[in-house]
Structure formats: C-alpha cells, structure tokens
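Quick notes on the structure that follows.
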Amino acid sequence: MEKRKNFTSKIKAEIVLSLLRGEDPELLSREYGVTLADINLWRDQFIESGTDGFKRKPDDSRLGAAERKIGQLQMELELTKKKNELAAKLKRK
C-alpha cells in the first residue's frame with residue numbers, strides 16, 4: 003500500500019492555479035503524484051475559501067496555543083496554591 007503524500011497549502015495553491023490557467027488536470031496529476039479527485043477537491047476548496055480552504059481548521063493553531071497556555075497557567079496556579087498552603091502549615095507549627 004502506497005503512503006499518502008501530504009501537500010502544503012502553497013503546493014496545493016500552485017496546482018489549483020495551474021489548473022485554473024488551463025493546464026491539463028491529468029498532466030498535473032502525474033506531475034505531482036496526486037489523484038484527479040484530490041485536485042478537484044482542492045479546486046473547490048480554493049474557490050470557496052482561497053488558501054484558507056486547504057488548512058484543516060484555519061483558527062486551530064491559535065486556539066490550540068491559547069488552550070495550552072491556559073493549561074500551563076492553571077497548573078502553575080495549582081502549584082502556587084499548594085506551596086502557599088504548605089508554607090502556611092509550616093508557619094503555624
């Protein structure tokens with residue numbers, strides 16, 4: 003079984019723009035090693051959303067980074083609370 007290639011949004015845009023300029027889809031398919039179905043899908047995504055249509059979820063990277071930062075800050079807050087509780091217990095003794 004052949005492993006499926008991953009194409010960047012830049013390469014996909016290049017393929018779609020070549021297609022829209024009138025290049026033969028079958029030639030593009032062979033040149034880039036991609037199926038006609040994928041080329042047609044990319045064309046539709048490009049027409050619908052431009053290069054953002056090629057991204058899995060355009061805002062996911064920013065959202066994911068924000069969620070990771072929130073998680074990190076929550077852990078730091080919990081550690082600080084436990085440290086303060088321990089310090090308060092030690093002062094009482």
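Each residue of the sequence shown is one higher than the last, beginning at 3 in the numbering used here. Quick reminder that beta carbons are idealized off the backbone N, C-alpha and C, glycines included. Since we're looking at a predicted model, the values are computed, not measured.
Nearest CA to the CA of E37: which residue from A89, L75, K95, K7? Note that residue 37 is Thr in the sequence shown here, rather than Glu. Comparing Cα positions, the closest option is K7.
Using a Cβ distance threshold of 8 Å, determine whether the stretch 40-48 contacts the stretch 12-31, with at least three qualifying pairs required. yes
Pick from Y34, L29, S63: whose alpha carbon is nearest that of I13? Y34
What is the DSSP secondary structure of D26, counted as helix, strand or coil? coil
Under 8 Å, do L21 and R45 count as touching if we go by C-beta distance? yes
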